Amino acid sequence: MKPLQLQNLLRKRIFEVVAERFGVQLEQIQAESPPNIKLGDLAFPVAFEIAKKIKQTSGEKRNPREIAENLKALILDGETSLNERIERIEVAGAGYLNVFYNRPAMLADLARDFDALQSLETEQKRRLTAEKICVEHTSVNPNKAAHVGHLRNAVLGDTFVRLLKSQGKNVEVQNYIDNTGVQVADVVVGFMHLEKMDLNAIIELDKRLAEEGKSFDYYCWDLYTRVGQAYQAEESLNEKRAEVLHAIEEGGNEIAELADYVATRNVRCILATMERLGIRYDLLARESEILHLKFWQRAFEEMKRRNVIRYETEGKNAGCWVMPLDAHEGTEEHDTDKILVRSNGTVTYTGKDIAYQMWKLGLLDLDFNYEIFHTYDDGKKVWVTTSKSVETDEETPHFGKNDIVYNVIDSRQSYPQEVVKRSIAAISPEKGERASIHLSYEMVALSPAAAEELGFVLSEEEKKRTFIEMSGRKGLGVKADDLINLLEEKALAEVEKRHADLTAEEKKRIAKTIAVGALRYFLLKYTRNTVVVFDFKEALSFDGESGVFCQYSAVRANSIFRKLEQNEVEKAVQIVREEQEKTAEILNREDDIWALLMLASKLEETIDNAVNLAEPAVLAKYCFNLARNFNLFYHNHRIISEQDAVKRAVLIVTADVARRSLIKALSLMGIEVPERM
RNA sequence: GCACCCGUAGCUCAGAUGGAUAGAGCGUUUGACUACGAAUCAAAAGGUCGGAGGUUCGAGUCCUCCCGGGUGCACCA
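Letter by letter, the first sequence follows residues -15 to 661 in this note's numbering.
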C-alpha cells in the first residue's frame, strides 16, 4: 500500500468515526506533514475542526486535545488493514492527531511498488479516459528567432503536458502559428522594401546563409529590428505595411507566397530550437487556414444563431458586432463590451481567437485539412493545418474536439483570454467556463545589467528600473539558441575538466544534457506569477538550486547501482521483507533514512498537486528537495562498504526508491540524467 | 480612473486548501576530498513576513484601508 492510499483510508475512517461518535459531518479531512519527522508521518488537525463545529451548533466549548484523545483510540479499533500499516497514533500540540507509520511494513511496500514499476505503465493506459485535453503553447510569431521569454512559455507548456500524460491523460499539443499577422507582415515589408528582394532572392539568401552556417531566423531577427527603425524614419512605409498585411490575409498572390515562405522557414527554425530542449508538438494550427477555411464566418453564424452577440446601431460602437460582457462593471452601459466585428466588416483578433477556441472544443462544425509538417528522428510526426485536401498514406490523427483546453499565454493577455473564456461559456453553457483555462505566467524581462551585456545603451531612466521588458521590435532580448549555446559551452568546459578521458562525442552529448537540465530547471523553478528578471549569472549557474544539482545527485545514485552485483537489489528487497525486526530497529533508529523514503514516496501526490494548481514549479521544488535529501543520505551512509547485511539491504532499497523517484521527477521536467557528468 | 498580479533574510525566490519553531539558493564567515564522484556536504550569522486595523482557539496565508512596484483596460495583433 502506498502512503497516499493509506492516507485516504485514514481519512475515510476518521470521517466515519467523527460522524458516529461526535455526530459531526466534516466536509473534508485535512492532512498535513508534521514539521518534524519525530512528530510523525501524517498529521490531522481534525480535532480543531470538530471543536469549532460543536461550538457552532450547540455553543458548547470543547477542548481539542480531549477530542483528539477520544479519537485516537477509536480510529484503529478493529481495523486490521490500518493496524498493519500504522505503528501508533499520538496526540500532540494543541490537539493534533499524529500518525506514525509502521516503518518496515512501509519499506517493504515501497520496495514492492517499485518492483512493479513496469506495471505502472499498463495502469496508466487503463486510466486513459475518453477525456481529451488540449495544451496550446509556444505560439511564437513566425517572423524571427525565439527568445528566452518564448522558452518560458514552451518549457512550462511542455512540462505541464508531461505531467498530464503521466496521469494517463489523453493530451494533444498544439502550437498556434500566426502566419498572417502584422509581425510577419513587418518582416515581409523589410524583405520587399528595405532589401528589395523577391521570393527567389530570399530563397537564394536562405541558401547562402545555410552555407555560411547562419540561420534564417537570426537574419529575420535583425531585419525586424531594422524595419521597426525604418517605420519611424519613413512615414510611407506604414502604408506598405497595410498593403502587405492585406495581401497576406487575402492569400493567393505573390506577397502571400513570399510571406508563407518566410513564416514557414521561421517555424522550422523555432521547431529546431525547441527540439534541442526536447519540446515537441502534435499539430501546428495556422491562422491562414482559420481565415481561408472561413472558420470565423461559421463561428459568427453560430454566435448570431445562439444570440450571444449584438449588432450596435448607435453609440460609439455603432456598426460593430459586439460580445456583451455584462458581468463586468462599467459606468456606461456598453463600456465593457468587446468588439468582434468592426464597422468596416473585418474581424478582430479576439474574434478569430474565439473561432479557434470553438474549433479546439469541437463547437465548430468545420475542420481543417492536415498534412505532415515534420518527422522527428524517432519517427514522431508533427502535423500542420492546410486549406487543400491532401492525400497521404498516413492516417491523420483526430485533432480538435477537446474537453478541456489549456492556453499557455503570458499574463499580459489575461483580459482577452477572459473574453474568450466567457464567450465560449455564452456559446456553450454545457462546456461553460471550465473548458477554457488560461495557464498564465509572468514575462521574462531583462535586468538593466543583462541588457547592457547584450550591447544595448540604456537611458538613465532605464538604468534605474528593476527590469526592462524584452522587445522583438527593438531586437532587445536573449535569443534562445544563443543561450543554449552558451550553456553547452560552459557545460563542455566542466565535463572536460572532470572526464578528459571520454571521447569528444561523449563529452558533447553530456554537455548537451547538462545544458538542457540547467535551462529547463531555471525556467521552472519560479512560480508562474513571478516575473523572471533574466540574469546571465543565475541562468548559467550549475550550483545550488539548479537542474545540474539534481542531475548530479541522480548520477551519483546511479553509480552506486552500477557497482552493485546483478541481483543485489532483488536480494535486498528479499532481506528487507524477511528481516522485519532488524529492519524496524534500523529504520526506527535512523530518522534520516526514513525521512528520505517518505519524501521519495510523495512523487505521485506532488504530480497531482502540480496539475491541480497548474503549477510545474511545485514539481521543480520537490525534485530539488529530494536531491538534497538524497545527498544528505549519501553523505551519512556508505552503502557498498556496509558490513551488516540487513543494514546494507535497507540502504540499497532506500537508495533505489529515492533515485527512481528523482529520475522520474526529472524526466517529467524534460531533464535527462547522463551516465557521468 | 478601473481591473488583475506582486511586496517574506543583504540579493533572488518557496511557503496550495488558515495550523506546531516562517524555509531554500546565492553572497558572507568557518570546516570536510587516501571516501559509493567535492558540480558535494556540515556549521554560523542573517526576519517588526510593506504599514495599520479586523475575523478566530490559531493569520505570511482570509477581510478592509493605506503605501510602494508591475501589467492590462483599442473598430492593434
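All C-beta atoms in this analysis are idealised placements derived from N, C-alpha and C, irrespective of residue type, glycine included. Since the structure is predicted, the reported quantities are computational estimates derived from the model, not experimental observations.
Residue LEU261 holds the alpha-carbon nearest to the alpha-carbon of ILE468 among LEU261, GLU0, ALA538 and GLY459. Looking only at ARG644, MET181 and PHE617, the smallest Cα-Cα distance to LEU635 is reached by PHE617. Annotation: THR143 is outside any beta strand (DSSP E); the continuous alpha helix (DSSP H) that includes it extends over 132 to 150. The closest CA to that of VAL292, considering only ASN386, LEU442, ILE408 and GLU195, is found on ILE408. Beta-carbon to beta-carbon, ARG249 and VAL173 are separated by about 17 Å, too far to satisfy the 8 Å threshold. A Cβ-Cβ distance of about 30 Å is found for the pair LYS509 and ALA419, leaving them out of contact under the 8 Å criterion. Cβ neighbours of GLY461 within its own chain (closer than 6 Å, five residues either side excluded): HIS131 and MET454. Residue state for LEU81 is assigned as strand, using DSSP reduced to three classes. With fewer than 16 other Cβ atoms inside 10 Å of its own Cβ, ASP361 counts as exposed.
Non-local beta-carbon contacts of ASP519 in its own chain, meaning distances under 8 Å to residues more than five positions away in sequence, involve SER431, ALA433 and ALA434 in chain order. Less than 8 Å divides the Cβ of LEU(-10) from the Cβ of ARG69.
Beta-bridge analysis with DSSP links TRP305 to TYR295 and VAL325. For the pair of segments examined, the stretch 361 to 372 was found to touch the stretch 270 to 279: the number of CB pairs separated by less than 8 Å reaches three. Distance from the CA of ALA642 to the CA of ASP465, rounded to the nearest whole angstrom, comes to 34 Å.
The DSSP assignment places complete beta strand (DSSP E) segments of no fewer than 3 residues inside the stretch 488 to 558 at 516 to 518, in order along the chain. Secondary structure note for GLN14: it is in no alpha helix (DSSP H), with a DSSP letter that is neither H nor E. Our two residues, LEU268 and ALA488, have alpha carbons roughly 36 Å apart in a direct line.
For a cut-off of 8 Å, the C-beta gap from ASN163 to ALA247 is around 4 Å, short enough to register as a contact. Here ILE655 has GLY501, ARG504 and GLY531 as same chain residues with Cβ atoms under 6 Å from its own Cβ, once five neighbours each way along the sequence are excluded. With a beta-carbon spacing of about 13 Å, ILE254 and VAL168 fall beyond the 8 Å limit used to define contacts. Under the three-state reduction of DSSP output, ILE356 falls in the strand class. Looking at SER537, CYS534 and PHE506, the one whose alpha-carbon comes closest to that of GLU522 is PHE506. The beta carbon of GLY212 sits closer than 7 Å to those of ARG457 and LYS458, all from its chain and outside the five residues before and after it, given in chain order. Contact annotation: ALA584 and LEU610 have beta-carbon atoms nearer than 8 Å. Excluding five sequence positions before and after LEU548, the CB atoms of its chain that fall closer than 8 Å to its own CB belong to ILE624 and ILE636, given in chain order.
Residue burial annotation: HIS121 is buried, with at least 16 other C-beta atoms found within 10 angstroms of its C-beta. Just so you know, the alpha carbons of ILE51 and ILE34 end up roughly 8 Å apart.
Here DSSP, grouped into helix, strand and coil, assigns ASP25 to coil. Residue pairing by DSSP places LEU460 opposite SER455 in a beta bridge. For the 8 Å CB-CB criterion, LEU423 and ASN391 form a contact. Secondary structure at ASP190: helix, using DSSP grouped into helix, strand and coil.
The beta carbon of ILE117 lies closer than 8 Å to those of LEU148, LYS153, ASN154, VAL155, GLU156, ASN386, ASP387, ILE388, VAL389 and TYR390 in the same chain, with the five residues before and after it left out. The distance from the Cβ of TYR606 to that of ALA556 is about 25 Å, inconsistent with a contact at the 8 Å cut-off. Put simply, of LEU571, ASN593, ASN620 and ILE591 the residue whose alpha carbon is nearest the alpha carbon of ALA633 is LEU571. The straight-line gap separating the alpha-carbon atoms of TYR399 and SER199 is approximately 36 Å.
In the displayed model, ASP465 falls within a helix according to three-state DSSP.
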